[in-house]
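Read the structure below first, then the notes.
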Amino acid sequence: MKIDTTLYPLISAEIARVKPADRIGPMIIDERSGLPYSEKEYSKRWRKIATAAGVPKEVWNRDSRAGGITEGRDAGAAVEDVSKHAAHTDATVTSRVYDRGELEASRRVATKRKEHRERVGNV
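Under UniProt numbering, the first residue of the sequence shown carries the number 1, and numbering increases by one thereafter.
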């Protein structure tokens, strides 16, 4: 998957801290091994940082991913684009599992219904 990291200022700032010659291969690595984090180790470290930042224990790292998907959809990005961005092979998974914009979708439907009633004079 390719991502234009220049559109993500926080990522760009972190990449800028890495020497250009070292900007190849995985960049998020376990400093002890030089390899990408195992899922277990990444989760453990993420939770430690999240707790220190005041993130409630009910919030998991995967919630950040779902939040990003929902934010993209709320901003008007097509589900197909959001699905590709999330590296999903099927947009149905993106819509069904990760898109948590039910309230926003409900508002859009209610707004359209109201506009329609006003247009046809059935207020």
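C-beta: ideal position from N, C-alpha, C; glycine also.
According to DSSP, is I29 part of a helix, a strand, or is it coil? strand
So what does DSSP say about A36, is it helix, strand or coil? One detail in the question is off: residue 36 reads as Pro in this sequence, not Ala. Strand, per DSSP.
How is Y42 classed by DSSP in three states: helix, strand or coil? helix
Euclidean distance between Cα positions of A50 and G121: 52 Å
Straight-line gap, R47 to N61 (C-alpha atoms, nearest Å): 8 Å
Ordered along the chain, which non-local residues of its own chain (more than five positions away) have a Cβ less than 7 Å from that of V18? M27
Whole-number beta carbon distance between S83 and A91, since they are thought to touch under 8 Å: 4 Å
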